[in-house]
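A.B. asks: The structure follows.
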Ligand SMILES: NC(=O)c1ccc[n+]([C@@H]2O[C@H](COP(=O)([O-])OP(=O)(O)OC[C@H]3O[C@@H](n4cnc5c(N)ncnc54)[C@H](O)[C@@H]3O)[C@@H](O)[C@H]2O)c1
Ligand SMILES: NC(=O)c1ccc[n+]([C@@H]2O[C@H](COP(=O)([O-])OP(=O)(O)OC[C@H]3O[C@@H](n4cnc5c(N)ncnc54)[C@H](O)[C@@H]3O)[C@@H](O)[C@H]2O)c1
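Residue numbers (the numbering used here), protein chains in the order written: chain A, 97 to 303; chain B, 97 to 303.
The following block contains the structure:
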């Protein structure tokens, strides 16, 4: 069993290891990983120990090996299909973000309610109406849904994608979603990031 | 000294405590806070212990008192001024997000390079050109900058806001910013959220 706090750090380790791989580093120590990721070596060793016997004491970890292990644990060795509900300013920015495709996440369905958007195409995907979303999302094979509707539309959007068989939701709308226990939800809240930055400002001011 | 991992959780505790406050809860236990925030009671007690002697064993914490303490530590008892660099799809979505104002973050300057945007007004703020950004951001009193430019414009945008006296940056562009040691940077990476969701999918599939 991998603790939730460890899972949160694995993508960060992966990002740093991919940078090391691109720089043709073959072996890396827990100290190097910690430095690249802004954590400490003991935390890195503890987190990676949940993935099995991976490193060699005194020498370090094989970079290719570690990239493979973490990718497998994160279930990203194959492409993951994503449905987008709400194609407004935020939805369009996420759809256009190259970082998702680079990590194997592929948009396969877009849903909205705006008559001016429904029926139009963007990069080969036709924007469909919420009323048709259950069949569209099911037929698309989407496993993850990103919800970027206004707050008052988010729960209904979640209900529809869950009915379509989606088991993982990234929610950007500022409401707490109610979903069955076998559906994972991650809530994005950029205000939390601003509050953390505000903490450092307060410290800087001697507060 | 408050550890970085504790700081990351304080905004989440605050969000839950504000919900409790709205529901007229006067006293709350570490167990209740843990349940609302998806963590465990020992972690809550340990985190809050860094803020001083706040709870009473066996009774719990005074909700109003805790809200006050955490707000003070996070430096959000006063409004924080924010500059936005890059007014594209993502920038416009952040500018229009009511969650920031609700938590005391106020936009005071917007910067872009697109001639079709520069000089136009949105809600009383005139979009200014990057060339004028240093004076504009300094004059606005912005303490935090949000960077939502394309990747190739992000470092130059950071240099300009740092020169203007900004000490905290929320970076949405997919590049690692180089800033002086007294400037705090938080990197937003929604792909990390998708990778964490993918982990739960892999577990669900019995992977
Ligand atoms: N989590 C954060 O930090 C953060 C930051 C910025 C914005 N947001 C939130 O993201 C959401 C989207 O913001 P935006 O700026 O793109 O808004 P927007 O108004 O530009 O876009 C919303 C889109 O959703 C569509 N829509 C409306 N109701 C719908 C429904 N029931 N089902 C499907 N689609 C529906 C609209 O037609 C529109 O295309 C909002 O809830 C906003 O509060 C969150
Ligand atoms: N972190 C994440 O998870 C995530 C998600 C989505 C998008 N993004 C990133 O956010 C950024 C913005 O995305 P978008 O969809 O809004 O793009 P966009 O093209 O719609 O908007 C970019 C805006 O920046 C302006 N601009 C260009 N160069 C500039 C410069 N040097 N200085 C100031 N302004 C400049 C443009 O005129 C435009 O208004 C991109 O870097 C994108 O990769 C990140």
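No residue lacks a Cβ here, since even glycine has one placed at the ideal position from N, Cα and C.
(1) Between residue 234 (chain B) and chain A, is there a C-beta pair that is closer than 9 angstroms?
(2) Out of A:108, A:156, A:288, A:119, which has the shortest C-alpha to C-alpha gap to residue 290 (chain B)?
(3) Any beta-carbon of chain B closer than 9 angstroms to the one on residue 89 (chain A)?
(4) Run the CB neighbour count on residue 303 (chain A), radius 10 Å, all protein chains shown included, and call it buried at 16 or more, exposed below.
(5) Would you verify that the beta carbon of residue 278 (chain B) is, or is not, closer than 9 angstroms to some beta carbon of chain A?
(6) Residues of the segment 129-159 of chain B in Cβ contact with chain A at a cutoff of 7 angstroms, in chain order, please.
(7) Indicate the three-state DSSP secondary structure (helix, strand or coil) for residue 208 (chain B) in the structure shown.
(8) Along chain B, in chain order, which residues have C-beta atoms closer than 7 angstroms to that of residue 296 (chain A)?
(9) Have a look at A:266, A:130, A:175 and flag the residue whose alpha-carbon is nearest the alpha-carbon of residue 199 (chain A).
(10) Does the segment 180-188 of chain B come close enough to the segment 247-258 of chain B that 3 or more CB-CB pairs lie under 8 angstroms?
(11) Just the C-alpha distance for residue 307 (chain A) and residue 139 (chain B), rounded to the nearest angstrom, thanks.
(12) Answer yes or no: do residue 124 (chain B) and residue 116 (chain B) have a C-beta to C-beta separation smaller than 9 angstroms?
(13) Tell me whether residue 187 (chain B) counts as near ligand 1, meaning its Cβ is closer than 8 angstroms to at least one heavy atom of that ligand.
(14) Note down the Cα distance separating residue 146 (chain B) from residue 98 (chain B), rounded to an integer number of angstroms.
(15) At 7 angstroms on the CB atoms, spell out the chain B contacts of residue 188 (chain A), in chain order.
(16) Are the Cβ atoms of residue 264 (chain B) and residue 297 (chain A) separated by less than 9 angstroms?
(17) So residue 223 (chain B) packs on residue 213 (chain B), CB below 8 angstroms; how close in whole Å?
(18) Could you tell me how far apart the beta carbons of residue 295 (chain B) and residue 148 (chain A) are, in whole angstroms, since I believe they sit closer than 8 angstroms?
(19) Does the distance from the C-beta atom of residue 195 (chain B) to that of residue 244 (chain A) stay below 9 angstroms?
(20) Following a CB-centred definition, is residue 193 (chain B) positioned closer than 8 angstroms to any heavy atom of ligand 3?
(21) Given that residue 287 (chain B) touches chain A, what residues does it touch there, using C-beta distances under 9 angstroms?
(22) With a threshold of 16 other CB atoms inside 10 Å of the CB of residue 227 (chain B), please say whether the residue is buried or exposed.
(23) Is the distance from the Cβ of residue 166 (chain B) to the Cβ of residue 187 (chain B) below 9 angstroms?
(24) For residue 176 (chain A), return the contacting residues in chain B, with the cut-off set at a CB-CB distance below 8 angstroms.
(25) Does residue 98 (chain B) come out as helix, strand or coil in the three-state DSSP assignment?
(26) Between the segment 214-226 of chain B and chain A, which residues of the former have a C-beta closer than 7 angstroms to a C-beta of the latter?
(27) Per DSSP, what kind of secondary structure is residue 241 (chain B) in: helix, strand or coil?
(28) Leaving out the 5 sequence neighbours to the left and right, which residues in its chain are closer than 8 angstroms to residue 270 (chain A) when beta-carbon positions are compared?
(29) Looking at chain B, is there any beta carbon in it that lies within less than 9 angstroms of the beta carbon of residue 239 (chain A)?
(30) Which first and last residues belong to the beta strand (DSSP E) in which residue 177 (chain B) is found?
(31) Name the one or two DSSP bridge partners that residue 255 (chain A) has.
(32) For a contact meaning CB atoms closer than 7 angstroms, what does residue 300 (chain A) contact in chain B?
(33) Whole angstroms are fine: how far does the CA of residue 103 (chain B) sit from the CA of residue 234 (chain B)?
(34) Please find out if some non-hydrogen atom of ligand 2 comes closer than 8 angstroms to the beta-carbon of residue 208 (chain B).
(35) Taking buried to mean at least 16 other C-beta atoms within 10 Å of its own C-beta, is residue 143 (chain A) buried or exposed?
C.D. replies: Taking the definition as stated:
(1) At a cut-off of 9 angstroms between C-beta atoms, residue 234 (chain B) does not count as an interface residue with respect to chain A.
(2) Out of A:108, A:156, A:288, A:119, A:108 has the C-alpha closest to the C-alpha of residue 290 (chain B).
(3) The question about residue 89 (chain A) has no answer here: the residues shown for chain A are numbered 97 through 303.
(4) Caution applies to residue 303 (chain A), whose pLDDT of 49 falls short of 50 and renders its modelled position unreliable; the model cannot decide the point.
(5) Answer yes: the Cβ-Cβ gap between residue 278 (chain B) and chain A drops below 9 angstroms somewhere.
(6) If the cut-off is 7 angstroms between Cβ atoms, the segment 129-159 of chain B has nothing near chain A.
(7) Looking at residue 208 (chain B) - three-state DSSP - the assignment turns out to be strand.
(8) Correct list: 264, 280.
(9) Among A:266, A:130, A:175, the Cα nearest to that of residue 199 (chain A) belongs to A:175.
(10) Result yes; three or more Cβ-Cβ pairs closer than 8 angstroms.
(11) The structure shown does not extend to residue 307 (chain A), since chain A is modelled only from 97 to 303, so the question has no answer here.
(12) The Cβ atoms of residue 124 (chain B) and residue 116 (chain B) lie closer than 9 angstroms to each other.
(13) Incorrect: residue 187 (chain B) has no Cβ contact closer than 8 angstroms to ligand 1.
(14) If I take the Cα positions, the gap works out to 6 angstroms.
(15) The CB of residue 188 (chain A) comes closer than 7 angstroms to the CB of 185 in chain B, given here in chain order.
(16) The Cβ-Cβ distance between residue 264 (chain B) and residue 297 (chain A) falls below 9 angstroms.
(17) The pair is a contact, with the Cβ atoms about 5 angstroms apart (cut-off 8 angstroms).
(18) About 16 angstroms separates the two Cβ atoms, so there is no contact after all.
(19) The answer is no: Cβ separation not under 9 angstroms.
(20) Absent from the structure shown: ligand 3. Ligands present: ligand 1 and ligand 2.
(21) Near residue 287 (chain B) (Cβ distances below 9 angstroms), the residues of chain A are 107, 111, 193, 195, 196, 198, 199, 201.
(22) The residue in question, residue 227 (chain B), is exposed, as its Cβ has fewer than 16 Cβ neighbours within 10 Å.
(23) Result no, Cβ atoms of residue 166 (chain B) and residue 187 (chain B) do not sit closer than 9 angstroms.
(24) Here the neighbours are 290, 294, 297.
(25) Residue 98 (chain B) falls in the coil class under three-state DSSP.
(26) From the segment 214-226 of chain B, no residue has a Cβ closer than 7 angstroms to chain A.
(27) It is a strand residue.
(28) Only residues of its own chain outside the window of five on either side were considered, and among them 247, 285 have a CB closer than 8 angstroms to the CB of residue 270 (chain A), listed in chain order.
(29) Chain B, which has a Cβ nearer than 9 angstroms to the Cβ of residue 239 (chain A), makes this yes.
(30) It spans 176-181 - the beta strand (DSSP E) in which residue 177 (chain B) sits, taken as one unbroken run.
(31) None; residue 255 (chain A) has no bridge partner.
(32) Result: 263, 278.
(33) Cα to Cα, residue 234 (chain B) sits roughly 28 angstroms from residue 103 (chain B).
(34) In this structure, residue 208 (chain B) has its CB closer than 8 angstroms to one or more heavy atoms of ligand 2.
(35) Taking all protein chains shown into account, residue 143 (chain A) has 16 or more neighbouring C-beta atoms within 10 Å of its C-beta and is therefore buried.
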